[in-house]
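Input: a single structure, listed below in C-alpha coordinates.
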Amino acid sequence: MNKAALYLRSSKDRSDVSIDAQRRELSDLAKAKQLVVTEEFSDAVESGKDDQRPGFQALLRSLKDPKRSWDCILFLDTSRLARNQYLAHAFHFECERKGIKIIYAKVPETNTAMDTVIRAVMQAFDQLHSMMSREKGLAGMAENVKQGFRAGGRAPFGYKLEKIATGAIRDGEPVTKSRLMFDENAPKIGVYLKKRAEGVSRRIAADAAGLEQPASTLIGFEQNALVYAGHTVWNVNSERLAGGGYKGGMKRKPRSEWVIQHDTHEALISTEEAERLVAALERQRPTDYRTDGAYLLTGFLVDTDGKKWTGSGDGAYRLGKGKRIAQHLIESAVIERVIADVDSDAFVNDLLREAQKIDPVRPDERLPAIQRELNDISKKIGRCANLAAETDKPRVFLDQIEVLERKREALLAEANGIDEEAKAIQALQALTKADIRSALSSLMEELRQEDRDALKEALSAIVEKITLDSVTLACQITYRLATGEIMASPRGFEPRLPP
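First residue of the sequence shown: 1175, per the working numbering; consecutive thereafter.
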(Lines of atoms letter the chains of each structure in order from A and count residues from 1; the text may use other names and numbers.)
(Lines give C-alpha, C1' and ligand atoms only; values in the text may rest on other atoms or scores of the structure.)
Protein backbone atom coordinates (compact mmCIF):
# COMPACT_ATOMS: atom_id res chain seq x y z
CA MET A 1 0.00 0.00 0.00
CA ASN A 2 1.78 3.16 -1.16
CA LYS A 3 -0.87 5.37 -2.79
CA ALA A 4 -3.46 7.42 -0.94
CA ALA A 5 -6.29 9.93 -1.39
CA LEU A 6 -7.06 12.85 0.91
CA TYR A 7 -10.53 13.95 1.96
CA LEU A 8 -10.83 17.47 3.39
CA ARG A 9 -13.98 19.10 4.75
CA SER A 10 -14.69 22.38 6.48
CA SER A 11 -18.02 23.52 7.89
CA LYS A 12 -19.57 26.90 8.67
CA ASP A 13 -18.23 26.69 12.24
CA ARG A 14 -15.92 29.66 12.90
CA SER A 15 -13.57 27.51 14.98
CA ASP A 16 -13.38 24.75 12.38
CA VAL A 17 -10.08 23.62 10.86
CA SER A 18 -9.49 25.14 7.42
CA ILE A 19 -9.03 23.12 4.25
CA ASP A 20 -5.43 24.35 3.89
CA ALA A 21 -4.55 23.36 7.45
CA GLN A 22 -6.03 19.89 6.95
CA ARG A 23 -4.11 19.46 3.69
CA ARG A 24 -0.80 20.33 5.36
CA GLU A 25 -1.32 17.94 8.27
CA LEU A 26 -2.49 15.07 6.06
CA SER A 27 0.38 15.61 3.63
CA ASP A 28 2.82 15.34 6.56
CA LEU A 29 1.02 12.18 7.71
CA ALA A 30 1.30 10.67 4.23
CA LYS A 31 5.06 11.35 4.13
CA ALA A 32 5.49 9.81 7.58
CA LYS A 33 3.73 6.66 6.42
CA GLN A 34 5.57 6.67 3.07
CA LEU A 35 2.37 7.17 1.10
CA VAL A 36 2.12 8.96 -2.24
CA VAL A 37 -0.97 11.19 -2.49
CA THR A 38 -2.52 10.65 -5.95
CA GLU A 39 -5.92 12.30 -5.51
CA GLU A 40 -7.67 14.84 -3.31
CA PHE A 41 -11.37 15.37 -2.55
CA SER A 42 -12.64 18.39 -0.63
CA ASP A 43 -15.82 20.12 0.49
CA ALA A 44 -15.64 23.72 1.72
CA VAL A 45 -18.37 25.08 3.99
CA GLU A 46 -20.33 21.81 3.86
CA SER A 47 -22.16 20.08 6.69
CA GLY A 48 -21.09 16.55 7.62
CA LYS A 49 -24.60 15.46 8.56
CA ASP A 50 -25.38 13.80 5.22
CA ASP A 51 -23.65 12.56 2.07
CA GLN A 52 -24.90 15.27 -0.32
CA ARG A 53 -21.54 17.03 -0.62
CA PRO A 54 -19.91 17.41 -4.05
CA GLY A 55 -16.46 16.30 -2.95
CA PHE A 56 -17.80 13.39 -0.92
CA GLN A 57 -19.94 12.25 -3.85
CA ALA A 58 -16.85 12.36 -6.09
CA LEU A 59 -15.02 10.27 -3.45
CA LEU A 60 -17.83 7.69 -3.49
CA ARG A 61 -17.69 7.44 -7.29
CA SER A 62 -13.94 6.97 -7.22
CA LEU A 63 -14.31 4.42 -4.42
CA LYS A 64 -16.48 2.28 -6.71
CA ASP A 65 -14.09 2.61 -9.65
CA PRO A 66 -11.85 -0.49 -9.90
CA LYS A 67 -9.29 1.63 -11.80
CA ARG A 68 -8.85 4.19 -9.00
CA SER A 69 -5.25 5.22 -8.32
CA TRP A 70 -5.28 4.76 -4.54
CA ASP A 71 -6.05 2.17 -1.89
CA CYS A 72 -5.91 4.29 1.25
CA ILE A 73 -7.89 7.37 2.40
CA LEU A 74 -6.61 9.95 4.89
CA PHE A 75 -8.93 12.06 7.07
CA LEU A 76 -7.97 14.60 9.74
CA ASP A 77 -10.47 13.07 12.20
CA THR A 78 -13.72 11.12 12.24
CA SER A 79 -15.86 14.27 12.02
CA ARG A 80 -14.35 15.09 8.59
CA LEU A 81 -15.94 11.93 7.20
CA ALA A 82 -19.38 12.50 8.71
CA ARG A 83 -21.23 13.72 11.77
CA ASN A 84 -23.73 10.93 11.26
CA GLN A 85 -22.46 7.70 12.77
CA TYR A 86 -24.66 5.51 10.55
CA LEU A 87 -23.26 7.14 7.41
CA ALA A 88 -19.73 6.71 8.80
CA HIS A 89 -20.33 3.02 9.57
CA ALA A 90 -21.67 2.44 6.05
CA PHE A 91 -18.62 4.15 4.52
CA HIS A 92 -16.23 2.07 6.61
CA PHE A 93 -18.06 -1.12 5.63
CA GLU A 94 -17.83 -0.26 1.92
CA CYS A 95 -14.10 0.52 2.20
CA GLU A 96 -13.49 -2.74 4.05
CA ARG A 97 -15.27 -4.68 1.29
CA LYS A 98 -13.02 -3.10 -1.33
CA GLY A 99 -9.81 -3.52 0.63
CA ILE A 100 -9.32 0.21 1.22
CA LYS A 101 -7.73 1.38 4.47
CA ILE A 102 -8.91 4.51 6.31
CA ILE A 103 -6.38 6.46 8.38
CA TYR A 104 -7.30 9.34 10.73
CA ALA A 105 -4.58 11.80 11.73
CA LYS A 106 -6.23 12.50 15.10
CA VAL A 107 -7.24 8.94 16.02
CA PRO A 108 -4.62 6.67 17.63
CA GLU A 109 -3.98 3.31 15.95
CA THR A 110 -3.39 0.24 18.15
CA ASN A 111 -3.77 -2.36 15.36
CA THR A 112 -6.10 -4.27 17.69
CA ALA A 113 -9.86 -4.61 18.10
CA MET A 114 -9.70 -1.44 20.22
CA ASP A 115 -9.37 0.60 16.99
CA THR A 116 -12.98 -0.24 16.13
CA VAL A 117 -14.16 0.70 19.63
CA ILE A 118 -12.24 4.02 19.63
CA ARG A 119 -13.58 4.92 16.19
CA ALA A 120 -17.19 4.10 17.14
CA VAL A 121 -16.99 6.20 20.31
CA MET A 122 -15.53 9.17 18.46
CA GLN A 123 -18.17 8.93 15.71
CA ALA A 124 -20.89 8.90 18.38
CA PHE A 125 -19.38 12.06 19.91
CA ASP A 126 -19.22 13.65 16.44
CA GLN A 127 -22.94 13.07 15.99
CA LEU A 128 -23.69 14.32 19.52
CA HIS A 129 -21.68 17.50 18.81
CA SER A 130 -23.63 18.02 15.58
CA MET A 131 -26.97 17.57 17.36
CA MET A 132 -26.01 19.91 20.22
CA SER A 133 -24.76 22.58 17.81
CA ARG A 134 -27.97 22.32 15.85
CA GLU A 135 -30.12 22.62 18.98
CA LYS A 136 -28.21 25.71 20.10
CA GLY A 137 -28.57 27.28 16.69
CA LEU A 138 -32.30 26.54 16.55
CA ALA A 139 -32.81 27.95 20.05
CA GLY A 140 -31.03 31.15 19.04
CA MET A 141 -33.14 31.52 15.91
CA ALA A 142 -36.34 30.90 17.88
CA GLU A 143 -35.38 33.65 20.33
CA ASN A 144 -34.69 36.04 17.44
CA VAL A 145 -38.15 35.31 16.05
CA LYS A 146 -39.78 35.95 19.43
CA GLN A 147 -38.08 39.36 19.51
CA GLY A 148 -39.46 40.16 16.06
CA PHE A 149 -36.24 39.69 14.10
CA ARG A 150 -35.64 37.49 11.07
CA ALA A 151 -34.23 34.02 11.73
CA GLY A 152 -32.08 34.32 8.60
CA GLY A 153 -32.44 34.03 4.85
CA ARG A 154 -33.34 36.49 2.12
CA ALA A 155 -36.24 38.90 2.33
CA PRO A 156 -39.47 37.69 0.66
CA PHE A 157 -40.41 39.33 -2.64
CA GLY A 158 -41.88 42.77 -1.88
CA TYR A 159 -39.66 43.36 1.16
CA LYS A 160 -36.04 44.23 1.85
CA LEU A 161 -33.94 43.71 4.98
CA GLU A 162 -33.37 46.54 7.43
CA LYS A 163 -30.17 45.94 9.44
CA ILE A 164 -30.33 46.84 13.14
CA ALA A 165 -27.13 47.00 15.22
CA THR A 166 -27.23 45.02 18.48
CA GLY A 167 -24.26 46.78 20.05
CA ALA A 168 -22.18 43.59 20.06
CA ILE A 169 -18.90 43.20 18.13
CA ARG A 170 -17.69 39.95 16.53
CA ASP A 171 -14.39 39.58 14.65
CA GLY A 172 -14.08 43.36 14.70
CA GLU A 173 -17.45 43.85 12.98
CA PRO A 174 -20.73 45.05 14.55
CA VAL A 175 -23.33 42.32 15.00
CA THR A 176 -26.67 43.13 13.35
CA LYS A 177 -30.12 41.62 13.25
CA SER A 178 -32.70 42.28 10.56
CA ARG A 179 -36.34 43.23 10.15
CA LEU A 180 -38.47 43.50 7.01
CA MET A 181 -39.52 46.71 5.32
CA PHE A 182 -41.32 47.37 2.01
CA ASP A 183 -39.48 47.67 -1.29
CA GLU A 184 -40.72 48.86 -4.71
CA ASN A 185 -42.47 45.52 -5.42
CA ALA A 186 -44.68 45.64 -2.33
CA PRO A 187 -47.76 47.12 -4.08
CA LYS A 188 -47.69 44.37 -6.74
CA ILE A 189 -47.51 41.52 -4.28
CA GLY A 190 -50.24 43.14 -2.18
CA VAL A 191 -52.63 43.32 -5.18
CA TYR A 192 -51.84 39.71 -6.15
CA LEU A 193 -52.43 38.23 -2.69
CA LYS A 194 -55.64 40.17 -2.08
CA LYS A 195 -57.10 38.97 -5.38
CA ARG A 196 -56.07 35.39 -4.65
CA ALA A 197 -57.73 35.64 -1.23
CA GLU A 198 -60.90 36.72 -3.08
CA GLY A 199 -60.77 33.53 -5.14
CA VAL A 200 -59.42 35.02 -8.38
CA SER A 201 -57.36 32.53 -10.44
CA ARG A 202 -53.59 32.61 -10.07
CA ARG A 203 -52.86 33.78 -13.62
CA ILE A 204 -55.55 36.49 -13.68
CA ALA A 205 -54.41 37.78 -10.28
CA ALA A 206 -50.79 37.89 -11.49
CA ASP A 207 -51.78 39.81 -14.63
CA ALA A 208 -53.76 42.31 -12.57
CA ALA A 209 -50.77 42.85 -10.29
CA GLY A 210 -48.28 43.11 -13.13
CA LEU A 211 -46.34 40.03 -11.97
CA GLU A 212 -44.59 37.85 -14.55
CA GLN A 213 -43.28 35.13 -12.20
CA PRO A 214 -43.86 31.43 -13.00
CA ALA A 215 -46.61 29.49 -11.21
CA SER A 216 -44.20 27.90 -8.72
CA THR A 217 -43.04 31.35 -7.56
CA LEU A 218 -46.64 32.57 -7.24
CA ILE A 219 -47.45 29.56 -5.08
CA GLY A 220 -44.43 30.45 -2.96
CA PHE A 221 -45.91 33.93 -2.39
CA GLU A 222 -49.11 32.32 -1.13
CA GLN A 223 -47.21 29.92 1.12
CA ASN A 224 -45.63 33.00 2.74
CA ALA A 225 -49.03 34.66 3.22
CA LEU A 226 -48.63 35.03 6.99
CA VAL A 227 -45.33 36.85 6.46
CA TYR A 228 -47.09 39.23 4.07
CA ALA A 229 -49.68 39.76 6.83
CA GLY A 230 -46.94 41.27 9.01
CA HIS A 231 -45.93 38.22 11.06
CA THR A 232 -42.55 36.52 11.41
CA VAL A 233 -42.94 32.78 10.75
CA TRP A 234 -40.27 30.17 11.40
CA ASN A 235 -39.85 26.37 11.59
CA VAL A 236 -42.24 25.79 8.69
CA ASN A 237 -40.24 23.39 6.49
CA SER A 238 -39.20 19.88 7.46
CA GLU A 239 -35.60 18.72 7.50
CA ARG A 240 -34.31 17.34 4.21
CA LEU A 241 -33.23 13.70 4.25
CA ALA A 242 -29.87 12.56 2.96
CA GLY A 243 -31.46 10.31 0.32
CA GLY A 244 -33.87 12.99 -0.90
CA GLY A 245 -37.33 14.02 0.27
CA TYR A 246 -38.23 15.33 3.71
CA LYS A 247 -38.36 13.98 7.24
CA GLY A 248 -41.87 12.65 7.86
CA GLY A 249 -42.55 12.62 4.11
CA MET A 250 -43.86 16.20 4.00
CA LYS A 251 -42.00 19.37 3.04
CA ARG A 252 -44.04 21.64 5.34
CA LYS A 253 -44.52 20.79 9.00
CA PRO A 254 -47.95 20.76 10.68
CA ARG A 255 -49.21 24.24 11.61
CA SER A 256 -48.90 23.36 15.31
CA GLU A 257 -45.07 23.24 14.98
CA TRP A 258 -44.67 26.66 13.37
CA VAL A 259 -43.21 29.52 15.42
CA ILE A 260 -45.18 32.71 14.73
CA GLN A 261 -44.52 36.14 16.19
CA HIS A 262 -47.33 38.54 15.30
CA ASP A 263 -47.05 42.12 14.03
CA THR A 264 -43.29 42.32 13.59
CA HIS A 265 -43.23 44.34 10.34
CA GLU A 266 -45.44 46.19 7.86
CA ALA A 267 -48.30 44.14 6.43
CA LEU A 268 -49.51 43.93 2.83
CA ILE A 269 -52.66 41.90 3.54
CA SER A 270 -54.82 41.20 6.56
CA THR A 271 -54.37 38.14 8.78
CA GLU A 272 -57.80 36.88 7.67
CA GLU A 273 -56.77 37.04 4.01
CA ALA A 274 -53.52 35.25 4.81
CA GLU A 275 -55.31 32.48 6.69
CA ARG A 276 -57.63 31.91 3.69
CA LEU A 277 -54.63 31.54 1.39
CA VAL A 278 -52.81 29.14 3.74
CA ALA A 279 -55.96 27.06 4.24
CA ALA A 280 -56.51 26.80 0.46
CA LEU A 281 -52.96 25.53 -0.05
CA GLU A 282 -53.32 23.03 2.80
CA ARG A 283 -56.39 21.54 1.13
CA GLN A 284 -54.59 20.90 -2.15
CA ARG A 285 -51.02 20.24 -1.00
CA PRO A 286 -49.70 16.91 -2.35
CA THR A 287 -46.08 16.77 -1.25
CA ASP A 288 -46.04 13.26 0.24
CA TYR A 289 -45.08 10.82 -2.50
CA ARG A 290 -44.45 8.05 0.04
CA THR A 291 -48.11 7.22 0.46
CA ASP A 292 -49.35 3.77 -0.43
CA GLY A 293 -51.32 3.42 -3.61
CA ALA A 294 -50.69 3.28 -7.33
CA TYR A 295 -47.11 3.22 -8.56
CA LEU A 296 -46.81 6.57 -10.31
CA LEU A 297 -44.10 5.56 -12.75
CA THR A 298 -45.29 2.19 -14.04
CA GLY A 299 -45.65 2.41 -17.80
CA PHE A 300 -43.03 5.21 -17.91
CA LEU A 301 -40.04 3.70 -16.12
CA VAL A 302 -37.70 1.57 -18.26
CA ASP A 303 -34.08 0.44 -18.16
CA THR A 304 -31.55 1.56 -20.79
CA ASP A 305 -32.31 -1.59 -22.83
CA GLY A 306 -36.06 -0.93 -22.78
CA LYS A 307 -37.00 -3.41 -20.04
CA LYS A 308 -39.76 -2.13 -17.78
CA TRP A 309 -39.39 -1.40 -14.09
CA THR A 310 -42.51 -2.70 -12.32
CA GLY A 311 -44.05 -2.19 -8.90
CA SER A 312 -42.98 -4.90 -6.45
CA GLY A 313 -46.03 -4.49 -4.23
CA ASP A 314 -43.89 -3.76 -1.17
CA GLY A 315 -42.82 -0.15 -1.73
CA ALA A 316 -40.22 -0.62 -4.46
CA TYR A 317 -39.76 -0.78 -8.20
CA ARG A 318 -37.88 -3.79 -9.52
CA LEU A 319 -36.28 -4.84 -12.79
CA GLY A 320 -37.22 -8.47 -13.36
CA LYS A 321 -36.11 -10.40 -10.30
CA GLY A 322 -32.95 -8.36 -9.82
CA LYS A 323 -32.34 -4.66 -9.16
CA ARG A 324 -34.72 -2.85 -6.79
CA ILE A 325 -35.14 0.83 -5.95
CA ALA A 326 -37.33 2.36 -3.23
CA GLN A 327 -40.61 3.66 -4.63
CA HIS A 328 -40.68 6.93 -2.65
CA LEU A 329 -37.07 7.82 -3.59
CA ILE A 330 -37.41 7.56 -7.37
CA GLU A 331 -40.96 9.00 -7.42
CA SER A 332 -39.93 12.04 -5.34
CA ALA A 333 -36.84 12.58 -7.51
CA VAL A 334 -38.80 12.34 -10.78
CA ILE A 335 -41.70 14.53 -9.65
CA GLU A 336 -39.33 17.19 -8.30
CA ARG A 337 -37.35 17.13 -11.55
CA VAL A 338 -40.46 17.33 -13.77
CA ILE A 339 -41.74 20.30 -11.75
CA ALA A 340 -38.33 22.00 -11.97
CA ASP A 341 -38.16 21.37 -15.74
CA VAL A 342 -41.70 22.56 -16.42
CA ASP A 343 -41.00 25.71 -14.42
CA SER A 344 -37.76 26.54 -16.27
CA ASP A 345 -37.23 28.97 -19.15
CA ALA A 346 -35.10 26.34 -20.90
CA PHE A 347 -38.04 23.93 -20.98
CA VAL A 348 -40.36 26.58 -22.43
CA ASN A 349 -37.75 27.38 -25.09
CA ASP A 350 -37.37 23.67 -25.91
CA LEU A 351 -41.13 23.29 -26.36
CA LEU A 352 -41.32 26.36 -28.55
CA ARG A 353 -38.39 25.16 -30.67
CA GLU A 354 -39.89 21.68 -31.12
CA ALA A 355 -43.29 23.15 -32.01
CA GLN A 356 -41.68 25.30 -34.69
CA LYS A 357 -40.01 22.22 -36.21
CA ILE A 358 -43.37 20.69 -37.14
CA ASP A 359 -44.04 20.74 -40.88
CA PRO A 360 -46.55 23.38 -41.94
CA VAL A 361 -50.10 22.26 -42.66
CA ARG A 362 -50.58 21.06 -46.22
CA PRO A 363 -53.83 19.97 -47.89
CA ASP A 364 -54.25 16.30 -46.96
CA GLU A 365 -54.54 14.18 -50.11
CA ARG A 366 -56.89 11.84 -48.30
CA LEU A 367 -59.60 14.48 -47.86
CA PRO A 368 -60.72 14.74 -51.55
CA ALA A 369 -61.01 10.94 -51.77
CA ILE A 370 -62.99 10.81 -48.51
CA GLN A 371 -65.29 13.58 -49.74
CA ARG A 372 -65.92 11.77 -53.03
CA GLU A 373 -66.76 8.59 -51.18
CA LEU A 374 -69.12 10.45 -48.86
CA ASN A 375 -70.95 11.95 -51.83
CA ASP A 376 -71.26 8.51 -53.41
CA ILE A 377 -72.62 7.03 -50.17
CA SER A 378 -75.18 9.82 -49.86
CA LYS A 379 -76.45 9.05 -53.37
CA LYS A 380 -76.69 5.33 -52.59
CA ILE A 381 -78.60 6.02 -49.38
CA GLY A 382 -81.01 8.22 -51.34
CA ARG A 383 -81.65 5.52 -53.94
CA CYS A 384 -82.17 2.85 -51.28
CA ALA A 385 -84.62 5.11 -49.44
CA ASN A 386 -86.65 5.63 -52.66
CA LEU A 387 -86.73 1.91 -53.41
CA ALA A 388 -87.75 1.09 -49.83
CA ALA A 389 -90.66 3.51 -50.12
CA GLU A 390 -91.87 1.92 -53.40
CA THR A 391 -91.80 -1.76 -52.34
CA ASP A 392 -93.89 -3.80 -49.98
CA LYS A 393 -90.70 -5.60 -48.77
CA PRO A 394 -88.39 -2.70 -47.70
CA ARG A 395 -86.27 -4.68 -45.24
CA VAL A 396 -83.40 -5.45 -47.68
CA PHE A 397 -83.10 -1.74 -48.60
CA LEU A 398 -83.28 -0.57 -44.95
CA ASP A 399 -80.49 -3.00 -44.01
CA GLN A 400 -78.41 -1.62 -46.86
CA ILE A 401 -79.05 1.94 -45.63
CA GLU A 402 -77.86 0.93 -42.14
CA VAL A 403 -74.61 -0.49 -43.57
CA LEU A 404 -74.06 2.66 -45.64
CA GLU A 405 -74.74 4.91 -42.62
CA ARG A 406 -72.09 3.13 -40.52
CA LYS A 407 -69.61 3.54 -43.34
CA ARG A 408 -70.47 7.22 -43.66
CA GLU A 409 -69.96 7.75 -39.89
CA ALA A 410 -66.54 6.12 -40.08
CA LEU A 411 -65.52 8.34 -43.00
CA LEU A 412 -66.80 11.48 -41.24
CA ALA A 413 -64.79 10.54 -38.13
CA GLU A 414 -61.67 10.10 -40.26
CA ALA A 415 -62.22 13.48 -41.94
CA ASN A 416 -62.80 15.17 -38.57
CA GLY A 417 -59.60 13.58 -37.23
CA ILE A 418 -57.61 14.98 -40.15
CA ASP A 419 -59.17 18.39 -39.58
CA GLU A 420 -58.43 18.33 -35.83
CA GLU A 421 -54.83 17.29 -36.48
CA ALA A 422 -54.40 20.21 -38.90
CA LYS A 423 -55.86 22.62 -36.33
CA ALA A 424 -53.54 21.26 -33.63
CA ILE A 425 -50.50 21.76 -35.88
CA GLN A 426 -51.62 25.29 -36.71
CA ALA A 427 -52.09 26.03 -33.02
CA LEU A 428 -48.61 24.68 -32.18
CA GLN A 429 -47.00 26.73 -34.92
CA ALA A 430 -48.71 29.88 -33.60
CA LEU A 431 -47.58 29.28 -30.00
CA THR A 432 -45.74 32.00 -28.11
CA LYS A 433 -43.72 31.69 -24.91
CA ALA A 434 -46.59 33.32 -23.02
CA ASP A 435 -49.02 30.68 -24.35
CA ILE A 436 -46.72 27.85 -23.29
CA ARG A 437 -46.07 29.37 -19.86
CA SER A 438 -49.82 29.80 -19.28
CA ALA A 439 -50.51 26.16 -20.24
CA LEU A 440 -47.66 24.88 -18.08
CA SER A 441 -48.88 26.82 -15.04
CA SER A 442 -52.01 24.64 -15.01
CA LEU A 443 -49.87 21.53 -15.39
CA MET A 444 -47.71 22.67 -12.46
CA GLU A 445 -50.78 22.80 -10.22
CA GLU A 446 -51.81 19.30 -11.37
CA LEU A 447 -48.32 17.95 -10.59
CA ARG A 448 -48.66 19.21 -7.01
CA GLN A 449 -51.99 17.57 -6.29
CA GLU A 450 -52.61 14.79 -3.79
CA ASP A 451 -54.69 12.34 -5.85
CA ARG A 452 -52.14 9.87 -7.21
CA ASP A 453 -54.31 8.75 -10.12
CA ALA A 454 -54.75 12.38 -11.18
CA LEU A 455 -51.02 12.95 -10.69
CA LYS A 456 -50.23 10.02 -12.97
CA GLU A 457 -52.62 11.44 -15.56
CA ALA A 458 -50.78 14.77 -15.39
CA LEU A 459 -47.48 12.95 -16.01
CA SER A 460 -49.01 11.16 -18.98
CA ALA A 461 -49.84 14.51 -20.57
CA ILE A 462 -46.19 15.45 -20.96
CA VAL A 463 -43.88 12.48 -20.25
CA GLU A 464 -43.16 9.88 -22.93
CA LYS A 465 -40.81 7.68 -20.89
CA ILE A 466 -38.37 7.73 -17.99
CA THR A 467 -35.12 5.81 -18.46
CA LEU A 468 -33.46 4.65 -15.23
CA ASP A 469 -30.05 3.01 -15.64
CA SER A 470 -30.02 -0.07 -13.38
CA VAL A 471 -26.24 0.21 -12.90
CA THR A 472 -25.53 3.91 -12.42
CA LEU A 473 -29.10 4.96 -11.44
CA ALA A 474 -28.74 7.90 -13.83
CA CYS A 475 -32.21 8.98 -14.92
CA GLN A 476 -33.42 10.54 -18.16
CA ILE A 477 -36.89 11.96 -18.78
CA THR A 478 -38.17 12.11 -22.36
CA TYR A 479 -40.96 14.63 -22.81
CA ARG A 480 -43.45 14.99 -25.64
CA LEU A 481 -45.52 17.71 -27.25
CA ALA A 482 -49.30 17.92 -27.20
CA THR A 483 -49.37 16.16 -30.59
CA GLY A 484 -47.54 13.17 -29.13
CA GLU A 485 -44.28 14.08 -30.87
CA ILE A 486 -41.22 13.25 -28.73
CA MET A 487 -38.96 16.14 -27.81
CA ALA A 488 -35.54 15.99 -29.44
CA SER A 489 -33.62 16.65 -26.21
CA PRO A 490 -34.50 14.30 -23.34
CA ARG A 491 -33.39 15.71 -19.99
CA GLY A 492 -31.04 13.68 -17.84
CA PHE A 493 -30.31 13.98 -14.13
CA GLU A 494 -29.00 11.92 -11.27
CA PRO A 495 -31.58 11.41 -8.51
CA ARG A 496 -30.42 12.19 -4.97
CA LEU A 497 -30.35 8.51 -4.04
CA PRO A 498 -28.13 6.68 -1.54
CA PRO A 499 -24.86 5.39 -3.03
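Backbone N, C-alpha and C fix where the C-beta goes; we use that ideal spot for every residue, glycine too. Note that this is a predicted model, so its numbers are computed, not measured.
Within 10 Å of its beta-carbon, does H1436 have 16 or more other beta-carbons around it, so buried, or fewer, so exposed? Here residue 1436 is taken as the residue at index 262 of the sequence shown, counted from 1. H1436 comes out exposed.
Tell me, please, whether the segment 1607-1622 touches the segment 1512-1529 by the rule of three or more beta-carbon pairs shorter than 8 Å. These segments touch.
Look at A1399 and A1448 and say whether their C-beta atoms are less than 9 Å apart. In the sequence shown, counting from the first residue as 1, residue 1399 sits at position 225. In the sequence shown, counting from the first residue as 1, residue 1448 sits at position 274. Yes, the Cβ-Cβ distance between A1399 and A1448 is below 9 Å.
Helix, strand or coil, according to DSSP, for T1445 in the structure here? For the purposes of this step, residue 1445 is identified with residue 271 of the sequence shown, where counting begins at 1. Here T1445 carries a helix assignment [DSSP, helix/strand/coil].
Please report the residue range of the alpha helix (DSSP H) in which R1183 lies. Numbered from its first residue, the sequence shown carries residue 1183 at position 9. Where R1183 is concerned, there is no enclosing alpha helix (DSSP H), although the beta strand (DSSP E) around it starts and stops at K1177 to R1183.
Using CA atoms only, rank isn't needed, just tell me which of A1500, L1561 and F1331 is closest to Y1366. Walking along the sequence shown from the start, residue 1366 turns up at place 192. Nearest C-alpha to Y1366: F1331.
Determine the burial state of V1522: buried for a count of at least 16 other Cβ atoms within 10 Å of its Cβ, exposed for fewer. Counted from its first residue, the sequence shown places residue 1522 at position 348. Residue environment: V1522 is assigned as buried (16 or more neighbouring CB atoms within 10 Å of its CB, all protein chains considered).
R1527 (DSSP reduced to helix, strand or coil): Here residue 1527 refers to the residue found at position 353 of the sequence shown. Under the three-state reduction of DSSP output, R1527 falls in the helix class.
CB contact flag (A1204, V1210, <9 Å): The residue labelled residue 1204 in the question sits at position 30 within the sequence shown. The residue labelled residue 1210 in the question sits at position 36 within the sequence shown. In contact: A1204 and V1210 (Cβ atoms closer than 9 Å).
Is it right to say L1586 is buried, meaning 16 or more other beta carbons lie within 10 angstroms of its own, or is it exposed? In the sequence shown, residue 1586 corresponds to position 412, counting from 1. L1586 should be labelled exposed.
Give me, in chain order, the residues of the same chain whose beta-carbon lies closer than 7 Å to that of E1440; leave out the 5 immediate sequence neighbours on both sides. Taking the sequence shown and counting its residues from 1, the one referred to as residue 1440 is at position 266. Excluding residues within five positions, the ones whose Cβ falls inside 7 Å are M1355, F1356 and G1404.
List the DSSP bridge partners of M1355. Your numbering for residue 1355 matches position 181 in the sequence shown. Listed as beta-bridge partners of M1355 by DSSP are K1334.
Tell me the DSSP secondary structure of F1474 in three-state form. For the purposes of this step, residue 1474 is identified with residue 300 of the sequence shown, where counting begins at 1. In this structure, F1474 counts as coil in the three-state DSSP scheme.
Spatial neighbours of V1476 in its chain, beta-carbon cut-off 8 Å, leaving aside the 5 residues before and after: Residue 1476 sits at position 302 when you count from the first residue of the sequence shown. Taken in chain order, the residues that qualify are K1482, W1483, K1639, I1640, T1641 and L1642.
Candidates S1253, D1239 and D1251: closest to G1273 by CA position: Residue 1273 sits at position 99 when you count from the first residue of the sequence shown. In this structure, D1239 is the residue among S1253, D1239 and D1251 with its C-alpha nearest to the C-alpha of G1273.
Return the bridge partner residues of L1483 from the DSSP annotation. As a first step, residue 1483 must be located in the sequence shown, where it is residue number 309. According to the sequence displayed, residue 1483 carries Trp and not Leu. Looking at the DSSP output, W1483 shares a beta bridge with L1493.
Taking the C-alpha atoms as reference points, what is the distance between S1304 and L1525? Against the sequence shown, residue 1304 aligns to sequence position 130. Against the sequence shown, residue 1525 aligns to sequence position 351. Low confidence applies here, because S1304 scores a pLDDT of 45, under 50, leaving its location unreliable; read the following figure in that light. The alpha-carbon of S1304 is positioned some 46 Å away from that of L1525.
Are the Cβ atoms of S1216 and L1182 separated by less than 9 Å? In the sequence shown, residue 1216 corresponds to position 42, counting from 1. In the sequence shown, residue 1182 corresponds to position 8, counting from 1. Yes; because the gap between Cβ atoms is below 9 Å, this pair is in contact.
Using the Cα positions of R1242 and A1232, report the straight-line distance between them to the nearest angstrom. In the sequence shown, residue 1242 corresponds to position 68, counting from 1. In the sequence shown, residue 1232 corresponds to position 58, counting from 1. Going from the Cα of R1242 to the Cα of A1232 covers about 12 Å.
May I ask which residues mark the beginning and end of the alpha helix (DSSP H) holding S1506? Locating residue 1506 in the sequence shown gives position 332, counting from the first residue. According to the DSSP assignment, S1506 belongs to the alpha helix (DSSP H) that extends over Q1501 to V1516.
Nearest to E1268 by CA position, among N1411, R1582, D1245 and D1573, is which residue? Position 94 of the sequence shown holds residue 1268. Closest option to E1268, Cα to Cα, is D1245.
Straight-line gap, K1275 to I1247 (C-alpha atoms, nearest Å): The residue labelled residue 1275 in the question sits at position 101 within the sequence shown. The residue labelled residue 1247 in the question sits at position 73 within the sequence shown. In this structure, the alpha-carbon of K1275 lies about 6 Å from that of I1247.
Compute the Euclidean distance between the alpha carbons of Y1491 and A1262, then round it to the nearest angstrom. Translated into positions along the sequence shown, residue 1491 becomes position 317. Translated into positions along the sequence shown, residue 1262 becomes position 88. Taking the straight line from one Cα to the other gives about 27 Å.
Go ahead and label I1378 buried or exposed: buried means 16 or more other beta carbons lie within 10 angstroms of its beta carbon, across all protein chains shown. Working through the sequence shown from its first residue, we reach residue 1378 at position 204. Within 10 angstroms of the beta-carbon of I1378 lie fewer than 16 other beta-carbons, which makes it exposed.
Going along the chain, which unbroken runs of the alpha helix (DSSP H) with 4 or more residues stay wholly within the segment 1553-1614? Within the segment 1553-1614, the complete alpha helix (DSSP H) runs of at least 4 residues are 1569-1603.
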